[in-house]
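Asker: Each residue of the sequence shown is one higher than the last, beginning at 7 in the numbering used here. Got a structure for you, questions after.
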Amino acid sequence: MFLERLELLDFRNYTALEVDFTATRVIFLGDNAQGKTNLLEAIGLLATGHSPTASKDLDLIRWGQPQAIIRSRVQRSLTDMAVDMLIRANGRRAVRINGIGQKRLADLFGKLLVVLFRSEDLQLVKGGPAGRRDYLDTMLVQLASSHYQHLHDFNRVLTQRNSLLRNIGEGHAPASRLEDWNEQLITHAVSIWRKRVALVKALAPAVAMWHGRIAQGKEALAIRYVPSVDLGDVEAAWPEHIEKALVELQHREIARGQTLVGPHRDDLEIFIDGRPARQFGSQGQQRTVVLALKLAELDHVRETAGEAPLLLLDDVLAELDVRRQNALLASIGDDVQTFVTSTHLNDFSAAWLEQATLYQVERGRLIPG
């Protein structure tokens, strides 16, 4: 997969940008707050429909403008395609693939594949469960658009069910009304769990391999998906286990006004030599774990899609020591088009720089060299 062209119009701090890429290694160099991260964000939006930093679409649009546009031309192994997105201040987006308007945002997924590694991802181990769930879902949304729909539908059911729980607790509705919402919750929860559990099972060997390589075999890493309810070993029986948990926790849910069963409360547990990395891992160990998770993500997307995704490295190298920097850069194959943001060139080896195209980023402008 190769990103040949990127165009931005009124996106973040870019008034208008048109750039053609010819290299597999691209460095965006510049001071902070110049627009380096915005470039990676635009590419990521075309792949996942999600911004890791913007809480609303208005934040993505240049100040005072009604909309922003992202256009791209992507070379795939079998075909070339144009992937475009119109972002409106009112939150309504429009997506075009090869000039044809798409009915759903989910139609965007799978056209452009990315692995994004941000400096904030170094909190993946010691941060809250939401970040680890997002790590899994970001992969799944790109590889199976149906996962996005199940997440969307589950969140809709969750909102409605929580509202009903509060109404029941206040005496404004009978508890019997939960039955219909329970059925919908179970349907979407099972679909989400099925994909997440299978993904973690597929990732586990690669995560362990990369960690062993970076840690030079001194420690063993293991990951385990932990749902909010004991699902048991037989997948066909999952709906029964969920229904039982909902019945057992109904009084507590009504008292709290919150749904306590579902994939929104799950976690991805990480162990170093059998001990939880979140509590016992040093900062260096935790960074090795995150690096292994991201490299495993890259491998999994490549294997599943049949071609390498784009790799977006946003201000990551400065947060890693020399050994981990070298491990990351050396692991990037020639088939992976890589976009890196940095404030200086000291993080790159001479060999890496020789193969890279460099752009200076200044106040929303790209200057070659």
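Just so it is clear, CB atoms sit at the ideal spot from N, CA and C, and this is done for glycine as well.
According to the neighbour-count rule (16 or more other Cβ atoms, all chains shown, within 10 Å of its Cβ), is T165 buried or exposed?
Answerer: Result: exposed.
Asker: By DSSP, does Q166 sit in helix, in strand, or in coil?
Answerer: Note: Q166 maps to helix in three-state DSSP.
Asker: Check the DSSP bridge columns for S78 and list the partner residues they point to.
Answerer: L12 and V89
Asker: Just mark D16 as buried or exposed, buried being the case when its beta carbon has 16 or more other beta carbons within 10 Å.
Answerer: buried
Asker: Answer yes if the region 88-97 comes into contact with the region 280-292, meaning at least three C-beta pairs across the two stretches below 8 angstroms, and no otherwise.
Answerer: no
Asker: Are the beta-carbon atoms belonging to G370 and N19 less than 8 angstroms from one another?
Answerer: When the beta-carbon positions are compared, G370 and N19 come within less than 8 angstroms of each other.
Asker: Mapping the DSSP letters down to three states, classify V131 as helix, strand or coil.
Answerer: coil
Asker: At a cut of 8 angstroms, does the region 269-280 reach the region 233-242 through at least three beta carbon pairs?
Answerer: yes
Asker: Between the alpha carbons of A21 and I373, how many angstroms are there, rounded?
Answerer: Reading off the sequence, residue 21 comes out as Thr, not Ala. The C-alpha of I373 is placed about 15 angstroms away from the C-alpha of T21.
Asker: Under the three-state reduction of DSSP, which class applies to L274: helix, strand or coil?
Answerer: Note: L274 maps to strand in three-state DSSP.
Asker: By the DSSP assignment, the beta strand (DSSP E) with A22 in it spans what residues?
Answerer: That run of the beta strand (DSSP E) goes Y20 to D26.
Asker: Measuring straight from C-alpha to C-alpha, what distance separates A302 and L317?
Answerer: A302 and L317: Cα-Cα distance of roughly 12 angstroms.
Asker: Using C-beta distances below 7 angstroms, list every residue in its chain close to A6, excluding the 5 sequence neighbours before and after it, in chain order.
Answerer: A question about residue 6 goes unanswered here, because the residues of the chain that appear run from 7 up to 375.
Asker: Within the continuous beta strand (DSSP E) that includes R102, where are the two ends?
Answerer: R99 to I103
Asker: For S57, name the three-state secondary structure that DSSP assigns.
Answerer: S57: coil per DSSP, three-state reduction.
Asker: Which residue comes first and which comes last in the alpha helix (DSSP H) that contains I192?
Answerer: L184 to I220
Asker: Taking L149 as the reference, which of L119, A362 and W69 has the closest Cα?
Answerer: L119
Asker: Hey, out of E225, V213 and G105, whose CA is closest to F286's CA?
Answerer: Ranking E225, V213 and G105 by Cα distance to F286 puts E225 first.
Asker: So R52 packs on S83, CB below 8 angstroms; how close in whole Å?
Answerer: Just to set this straight, residue 52 is Leu in the shown sequence, not Arg. The Cβ separation is near 18 angstroms, so there is no contact.
Asker: For the alpha helix (DSSP H) containing V240, list its first residue and its last residue.
Answerer: Per DSSP, V240 belongs to no alpha helix (DSSP H) and is neither H nor E.
Asker: Measure the CB-CB distance between V32 and T363 and report whether it falls below 8 angstroms.
Answerer: yes
Asker: Give me the Cβ distance between M91 and I103, rounded to the nearest whole Å; I'm assuming they're in contact under 8 angstroms.
Answerer: The Cβ separation is near 10 angstroms, so there is no contact.
Asker: How big is the Cα-Cα spacing for G280 and R230?
Answerer: 11 angstroms
Asker: In whole angstroms, what is the alpha-carbon distance linking S57 and Y365?
Answerer: 23 angstroms
Asker: According to the Cβ coordinates, are V101 and L111 closer than 8 angstroms?
Answerer: yes
Asker: Are the beta-carbon atoms of D305 and A195 separated by less than 8 angstroms?
Answerer: no
Asker: Using the rule of at least 16 other Cβ atoms within 10 Å of the residue's Cβ for burial, across every protein chain shown, is K207 buried or exposed?
Answerer: With fewer than 16 Cβ atoms within 10 Å of its Cβ, K207 is classed as exposed.
Asker: Taking the alpha carbon of S182 as the reference point, which residue from I192, L191 and L170 has its own alpha carbon closest?
Answerer: L170
Asker: Identify whether Q366 lies in helix, strand or coil by the three-state DSSP scheme.
Answerer: strand
Asker: With a cut-off of 8 angstroms, do at least 3 Cβ pairs link the region 36-50 to the region 310-324?
Answerer: yes
Asker: Give me the Cβ distance between I49 and F345, rounded to the nearest whole Å; I'm assuming they're in contact under 8 angstroms.
Answerer: 7 angstroms
Asker: Taking buried to mean at least 16 other C-beta atoms within 10 Å of its own C-beta, is T85 buried or exposed?
Answerer: exposed
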